[in-house]
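Peer 1: Dumping the structure here so I can ask a few things about it.
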Amino acid sequence: MKEIGIYVHIPFCKRKCFYCDFCSFECDKNIHNDYTKALINEIRAFYLEENKTEDIVVKTLYFGGGTPSFIDENYIKRILNELKQKYKFAKDIEATIEINPGTATYEKIKKYKDIGFNRVSIGLQSTNDRLLKLIGRIHTYSEFEQTYKMARDVGFCNINVDLMIGLPTQTEEDVQASLEKIIEKNPEHISVYSLILEDGTKLKDLIDSGKLELPDEDVERKMYWLVKKKLENTGYEHYEISNFAKPGYESKHNTDCWKQKEYLAFGLAAHSYLNNVRYSNLSDLNKYIEDNLNNNNTRNVEEIQTDDIQMNEFVILGLRMIEGFSINVFKDKFNRDFREVYREQIDRLSKMKLIKFENDIVSLTDKGIDFANIVWSEFV
Ligand SMILES: C[S@@+](CC[C@H](N)C(=O)[O-])C[C@H]1O[C@@H](n2cnc3c(N)ncnc32)[C@H](O)[C@@H]1O
Ligand code: SF4
């Protein structure tokens, strides 16, 4: 029996945030129905292919975007029903759906609970309305509060909230204020992402043209350590570079991805990982819909992983986890000695004090967290 995760991508947003380069679009709502049909066809096509070889049990399910809560809840239900018909879901499945403030009613969120989701992830970014507007969010903090309350009222007892740091004009005081307000609400999980200024985004243009300014790198790093200290002091465990959870509430779906477990992904631009092969779906919305409505499978083989690629990826993903990874597990998985394979990299990174060894565990030092890009560059 093979245990996997399933990811479903819903690429629609009410409006594109200024910093975002995820595969997501503002477009006519009429397209949602065709997209749902196409996605269901993709599930059917992929199922037939995979089912020839083995039994699969789904341990985690994640509906992400884009904004899954932007589309009608019946589309979500139809996709979920198709998956339930095709795959065996584990009894203790973790099933997450992303919800954006300003797109979800009480009825919608209740429907998610009724059809089997048991975790929601709410994108907030900041509690400061001025900052929310500045980065193109469609909602205020008060709308987030309503969404959060509705999620609790319908009975969700596993909620994640996304925050961002390093935003233009954001100060350490802003970050501190956001944290205090969110901690008071007591979500089980908090993700805190450092802004990545992506090419082609409106925010990049605003920064390049001097209309907005980003905080200095050292200020951004201070924000990060402020977040870490504050959340750790209030009962959250820092378990991955950008993720904090109450004990037992770490995201199983993401943790499995970081541990190089297998997952299937459906929808536009979705990436799957199965039998050491990475597959990618088309990222052209119209072509994705057309191909799948005509039952043309749109999955491309992106990468057939050699042992070297798998080992590099295992190390990079493993070091994202604050606890690091076990070099004995590395040995069991690859039949190679981590210290031998990566002797030169380990020498350089140890001299710079970016990684540390404790018994059979290797992990990033605090300095390594700040200079993670240097660490990753050693393993690509
Ligand atoms: C894939 S997005 C989808 C979530 C949802 N649509 C939303 O925006 O609320 C997940 C999270 O990634 C983060 N994110 C998106 N773009 C980012 C960027 N350029 N830099 C850092 N974090 C980003 C945001 O915190 C966002 O909530
Ligand atoms: S709502 Fe989320 S996915 Fe959509 S544009 Fe904003 S950050 Fe990107």
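Under our numbering, the first residue of the sequence shown is numbered 65, with each subsequent residue one higher.
Glycine included, each C-beta is placed from N, C-alpha and C at the ideal position.
Indicate whether the contact test is met: 3 or more Cβ pairs, each with one atom in the region 269 to 278 and one in the region 211 to 226, closer than 8 Å.
Peer 2: no
Peer 1: Between PHE389 and ligand 1, is the CB less than 8 Å from at least one heavy atom?
Peer 2: Translated into the one-based positions of the sequence shown, residue 389 becomes position 325. False, no ligand heavy atom lies under 8 Å from that Cβ.
Peer 1: With a threshold of 6 Å on Cβ separation, who are the neighbours of PHE181 within its own chain once the five nearest residues in sequence on each side are excluded?
Peer 2: Sequence index remark: in the sequence shown, residue 181 carries index 117 (1-based). Same-chain partners within the cutoff: ALA159 and ILE161.
Peer 1: Inspect the beta-carbon positions of TYR71 and TYR126 and report whether they are closer than 9 Å.
Peer 2: For this step, residue 71 is matched to residue 7 along the sequence shown. For this step, residue 126 is matched to residue 62 along the sequence shown. It is a contact, given that the beta carbons lie within the stated cut-off.
Peer 1: Using 8 Å for Cβ pairs, my map puts ILE68 next to ILE120. What's the rounded Cβ distance?
Peer 2: Here residue 68 refers to the residue found at position 4 when the sequence shown is read from its first residue. Here residue 120 refers to the residue found at position 56 when the sequence shown is read from its first residue. That belief holds up - the Cβ atoms of ILE68 and ILE120 are roughly 6 Å apart, short of 8 Å.
Peer 1: Would you say MET228 touches ligand 1, meaning its beta carbon is less than 8 Å from a heavy atom?
Peer 2: For the purposes of this step, residue 228 is taken as the residue at position 164 of the sequence shown. Yes; taking the cut-off as 8 Å, the Cβ of MET228 has a heavy atom of ligand 1 nearer than that.
Peer 1: Taking 8 Å as the line, does the beta carbon of PHE86 fall inside it for any heavy atom of ligand 1?
Peer 2: Here residue 86 is taken as the residue at index 22 of the sequence shown, counted from 1. It does: the Cβ of PHE86 is within 8 Å (strictly closer) of some heavy atom of ligand 1.
Peer 1: Pull up the distance between the alpha-carbon of LEU195 and that of GLY264, whole angstroms please.
Peer 2: Locating residue 195 in the sequence shown gives position 131, counting from the first residue. Locating residue 264 in the sequence shown gives position 200, counting from the first residue. Straight-line Cα distance between these residues: approximately 21 Å.
Peer 1: Could you tell me how far apart the beta carbons of TYR327 and CYS321 are, in whole angstroms, since I believe they sit closer than 8 Å?
Peer 2: For this step, residue 327 is matched to residue 263 along the sequence shown. For this step, residue 321 is matched to residue 257 along the sequence shown. At roughly 6 Å, the Cβ-Cβ gap stays under 8 Å, so TYR327 and CYS321 are in contact.
Peer 1: Beta carbon of SER347: closer than 8 Å to some heavy atom of ligand 1?
Peer 2: On the sequence shown, residue 347 is found 283 positions in, with the first residue counted as 1. SER347 Cβ: outside cutoff for every heavy atom of ligand 1.
Peer 1: Can you tell me whether PHE378 is buried or exposed? The criterion is at least 16 other CB atoms within 10 Å of its CB, across all chains shown.
Peer 2: On the sequence shown, residue 378 is found 314 positions in, with the first residue counted as 1. With 16 or more other Cβ atoms within 10 Å, it is buried.
Peer 1: For ligand 1, is there any heavy atom lying closer than 8 Å to the beta carbon of CYS321?
Peer 2: On the sequence shown, residue 321 is found 257 positions in, with the first residue counted as 1. No - ligand 1 has no heavy atom lying nearer than 8 Å to the Cβ of CYS321.
Peer 1: Using 9 Å as the threshold, is the C-beta distance between ALA104 and ARG142 below it?
Peer 2: Looking up residue 104 in the sequence shown gives position 40. Looking up residue 142 in the sequence shown gives position 78. Here residue 104 turns out to be Ile, not Ala, going by the sequence shown. Yes, the Cβ-Cβ distance between ILE104 and ARG142 is below 9 Å.
Peer 1: Taking the alpha carbon of ASN358 as the reference point, which residue from MET65, LYS292 and ARG108 has its own alpha carbon closest?
Peer 2: Here residue 358 corresponds to residue number 294 of the sequence shown, with the count starting at 1. Checked all of MET65, LYS292 and ARG108; the closest Cα to ASN358 is ARG108.
Peer 1: Quick one: what's got a C-beta closer than 6 Å to VAL291's C-beta in the same chain, skipping five residues either side?
Peer 2: For the purposes of this step, residue 291 is taken as residue 227 along the sequence shown, with counting starting at 1. Cβ within range, chain order: VAL256.
Peer 1: Would you mind reading off the limits of the beta strand (DSSP E) that contains LEU428?
Peer 2: In the sequence shown, residue 428 corresponds to position 364, counting from 1. Where LEU428 is concerned, the enclosing beta strand (DSSP E) stretches over 425 to 428.
Peer 1: From GLU387 to GLU304, what does the alpha carbon distance come to, in whole angstroms?
Peer 2: Mapped onto the sequence shown, residue 387 falls at position 323. Mapped onto the sequence shown, residue 304 falls at position 240. GLU387 and GLU304: Cα-Cα distance of roughly 8 Å.
Peer 1: Runs of 3 residues minimum, wholly inside the region 243 to 282: which ones carry the beta strand (DSSP E) assignment?
Peer 2: 253 to 258
Peer 1: Taking C-beta to C-beta, are LEU259 and LEU278 nearer than 9 Å?
Peer 2: Looking up residue 259 in the sequence shown gives position 195. Looking up residue 278 in the sequence shown gives position 214. Yes, the pair counts as a contact, with Cβ atoms nearer than the cut-off.
Peer 1: Using 8 Å for Cβ pairs, my map puts ILE186 next to TYR151. What's the rounded Cβ distance?
Peer 2: Walking along the sequence shown from the start, residue 186 turns up at place 122. Walking along the sequence shown from the start, residue 151 turns up at place 87. The beta-carbon separation of ILE186 and TYR151, rounded to 27 Å, does not stay under the 8 Å limit for a contact.
Peer 1: What does a CB cutoff of less than 6 Å around PHE443 pick up in its chain, not counting 5 residues either side in sequence?
Peer 2: Here residue 443 refers to the residue found at position 379 of the sequence shown. If we look at PHE443 and ignore the five residues flanking it on each side, its Cβ neighbours are ASN376, VAL379 and ILE380.
Peer 1: Quick check on GLY299: buried or exposed, where buried means 16 or more other Cβ atoms within 10 Å of its Cβ?
Peer 2: Locating residue 299 in the sequence shown gives position 235, counting from the first residue. It counts as exposed.
Peer 1: Take every Cβ of the region 385 to 405, pair it with every Cβ of the region 422 to 439, and state whether three or more of those distances are shorter than 8 Å.
Peer 2: yes
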